[in-house]
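Numbering of the sequence shown is given in this note's numbering, commencing with residue 1 and proceeding in unit increments. Cβ atoms here follow ideal geometry from the backbone N, Cα and C, with glycine treated the same way. Here the structure is a predicted model, which means the values were calculated and not measured. Since the structure comes first, as structure tokens, the remarks are kept for the end.
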Amino acid sequence: MEPLLTLLDLLKHEIDDLSSAEEQIVDALPKMLEKATSRELKDALQDHLSVTQRQQDRLEQVRTLVAEHVADNKKKLLGKLFGGNTKCKGMEGLIAEGQKMISQNMDLIVRDAAIIGAAQKIEHYEIAGYGTARAYASELGLTEVETLLEVNLHEEYETDDALTALAVRLVNVAADKGNVPGPDHAAKKSTRSGSAGTAKKTSRASSPRKKAAPKKASAKAAKKKSSE
Ligand code: FE
Ligand code: FE
């Protein structure tokens with residue numbers, strides 16, 4: 001691997017990583033779909049396959065835009081822009097782990113719950129990757145690249161949320177054989193977040209979605225207030 005000397009180099013590396021991740025996901029989703037039993041889960045996975053293919057198109061646009069930016073700045077030859085054969089090992093591991101898990105001898109609805117868990121680990125990896133790449137693009141002033149990456153990022157969030165909702169409303173409930181839903185069951189479930197086994201709030205907080213309020217200013221204000 002060539003040395004990464006600038007933030008732009010890091011952005012290109014992240015785009016290579018995401019492109020490889022999406023390519024592997026396009027291969028993996030039909031296998032997960034085949035193993036799923038619930039109609040709604042099958043539909044959700046099929047929808048996400050179409051979404052992922054559109055994300056690949058956006059990543060191609062991102063590559064073109066970054067190539068134009070580099071060419072404008074005469075920093076490198078176009079042919080050396082992207083790694084090309086970089087394989088995302090993180091996604092390879094997540095997919096292998098998920099496939100191993102759902103190939104076990106399992107009750108069908110328990111397998112559906114496991115498929116959702118495996119899919120959400122994949123979504124969270126993508127959320128981290130797109131959040132990071134978007135922040136680099138923002139720092140570099142590559143507005144169009146930032147916008148394209150943001151569209152993909154939001155689609156990953158939406159998929160993660162939809163999978164959590166499906167798990168909590170239907171699949172986990174059905175897989176929980178000892179569960180006898182009482183009258184307040186639905187209300188209790190709806191107050192939880194990330195019950196499908198995810199830590200959604202944490203991952204959102206750690207991605208550069210919103211800027212944190214400056215803590216120093218509020219501490220200063222509190223001090224001023226107490227001395228009044
Ligand atoms: Fe994706
Ligand atoms: Fe995804």
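Residue 163 in three-state terms, based on DSSP
In this structure, DSSP gives residue 163 a helical state, which the three-state scheme calls helix.
If you count every other CB in all the chains shown that lies within 10 Å of the CB of residue 175, and 16 or more means buried, which is it?
With 16 or more Cβ atoms within 10 Å of its Cβ, residue 175 is classed as buried.
Where the alpha helix (DSSP H) through residue 134 begins and ends
Here the alpha helix (DSSP H) through residue 134 covers 108 to 139.
Beta carbon of residue 232, beta carbon of residue 20: below 7 Å?
Residue 232 falls outside the range modelled here, since the chain spans only 1 to 228, and no answer is possible.
Does the beta carbon of residue 104 fall short of 6 Å from some heavy atom of ligand 4?
Among the ligands in the structure shown, ligand 4 does not appear; only ligand 1 and ligand 2 can be found there.
In three-state DSSP terms, what is residue 1?
Note: residue 1 maps to coil in three-state DSSP.
Three-pair Cβ contact test at 8 Å for the stretch 118 to 129 versus the stretch 159 to 178
Three or more Cβ pairs closer than 8 Å define a contact, and the stretch 118 to 129 meets that threshold against the stretch 159 to 178.
At least 3 beta-carbon pairs within less than 8 Å: the stretch 50 to 62 vs the stretch 100 to 110:
Not touching, per the Cβ criterion.
Candidates 33, 151, 140: closest to residue 7 by CA position:
Cα-wise, what sits closest to residue 7 is 140.
Reference residue 96; option with closest CA among 146, 32, 66:
When 146, 32, 66 are compared, the shortest CA-CA separation from residue 96 is found for 32.
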